[in-house]
Amino acid sequence: MKFKLLSLIPLLFLTINLFGIQNPTSKNFRVNAFHSLEIGNAFEIHIKKGNVFSISALGRAEDLQEIELKQNGNYLHVFRDTKWSWGWNKDSKKVILNITMPKIINGEFSGAAKVFINGFTDEEQVRLSFSGASKVDIAEINADKLILDFSGASKATLAGHVGKLEIETSGASHLILDELYARDIDINSSGASHIQVNAQKTLQVDASGASKITYKGRPNISKDVSGASFVQRAD
Numbered sequence: 002m003k004f005k006l007l008s009l010i011p012l013l014f015l016t017i018n019l020f021g022i023q024n025p026t027s028k029n030f031r032v033n034a035f036h037s038l039e040i041g042n043a044f045e046i047h048i049k050k051g052n053v054f055s056i057s058a059l060g061r062a063e064d065l066q067e068i069e070l071k072q073n074g075n076y077l078h079v080f081r082d083t084k085w086s087w088g089w090n091k092d093s094k095k096v097i098l099n100i101t102m103p104k105i106i107n108g109e110f111s112g113a114a115k116v117f118i119n120g121f122t123d124e125e126q127v128r129l130s131f132s133g134a135s136k137v138d139i140a141e142i143n144a145d146k147l148i149l150d151f152s153g154a155s156k157a158t159l160a161g162h163v164g165k166l167e168i169e170t171s172g173a174s175h176l177i178l179d180e181l182y183a184r185d186i187d188i189n190s191s192g193a194s195h196i197q198v199n200a201q202k203t204l205q206v207d208a209s210g211a212s213k214i215t216y217k218g219r220p221n222i223s224k225d226v227s228g229a230s231f232v233q234r235a236d
């Protein structure tokens, strides 16, 4: 019996470390149809394409009680409201959000969020905005037009195919987009961002500060670069 108990201890710690949550519980939220998200705070967010509209959260019970949802038409706002706790829950922990939706048009994420998006392979226009120190992983996205806006020190990796890609950055973001094949790309970058892209037809760049843009493909290039910024072909 002692051996069995000891053998379970590593598994217990593995479970805790896997989720970063001790004694996790889950909570499902009732929502109506939505196509746009606004999420604030340091959540870990998993968004996938599906035929239903659903959102659930995984975390400690005391942290899940702070989660608030507000819906205005097709816009869903998710945030943490700590007012009710009167400051007793100062040691708040990570909360994981799992979201399923048939279509995404707008997504706004703020704070030190980790955002994972997958399965949106037949979209028209998608706009995604990230502020703070977000970490973003989009495994596959196919869209006629994709608009990305990064501020702060975000890091993002995207893959897929888009017709038109528009990128705006400020701060010191690092965007790895060389597996995101785009016919036409427009970049407006200020600060010290590093952006890697894959342009098939045209690449237009307006960069200032110490922005670094590297590209794959053989596009026609139009650029207006100042400061220590530069545009170069990837090796």
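Plus 1 on top of the position in the sequence shown (first one is 1) and you've got the working numbering.
No residue lacks a Cβ here, since even glycine has one placed at the ideal position from N, Cα and C.
Here the alpha carbon of Phe44 sits roughly 36 Å from the alpha carbon of Gly218. In the three-state scheme derived from DSSP, where H, G and I count as helix and E and B as strand, Ala173 is classed as coil.
Within its own chain, the residues whose Cβ lies closer than 6 Å to the Cβ of Asn99, once the five positions on either side in sequence are excluded, are His47, Ser57, listed in chain order. By the Cβ criterion, the stretch 58–69 is not in contact with the stretch 101–117, since fewer than three pairs of Cβ atoms, one from each stretch, lie closer than 8 Å.
For Ala62, the secondary structure class from DSSP, reduced to helix, strand or coil, is helix. Cβ atoms of Ile168 and Ile196 come within 8 Å of each other, at about 7 Å. Linking Asp145 to Asp82 through their CA atoms gives a straight-line distance of about 37 Å. Collapsing the DSSP output to three states places Asn107 in a strand. Note on Asp225: under 16 other CB atoms within 10 angstroms of its CB, so exposed under the neighbour-count rule. Here Leu77 has Phe35, Leu38 as same chain residues with Cβ atoms under 6 Å from its own Cβ, once five neighbours each way along the sequence are excluded.
When secondary structure is reduced to three states using DSSP, Phe80 falls in the strand class.
Between the alpha carbons of Thr26 and Lys71 lies a gap of roughly 22 Å. With respect to Ile142, Glu124 sits close: the two C-beta atoms are nearer than 8 Å. For a cut-off of 8 Å, the C-beta gap from Thr170 to Ser190 is around 5 Å, short enough to register as a contact. Rounded to whole angstroms, the gap between the alpha carbons of Ala113 and Lys50 is 23 Å.
His36 sits in coil when the DSSP states are folded into three classes, being neither helix nor strand. By the neighbour-count criterion, in which 16 or more other beta carbons inside 10 Å mark a residue as buried, Asp179 falls on the buried side.
Judged by DSSP in its simplified three-state form, Gly51 adopts coil rather than helix or strand.
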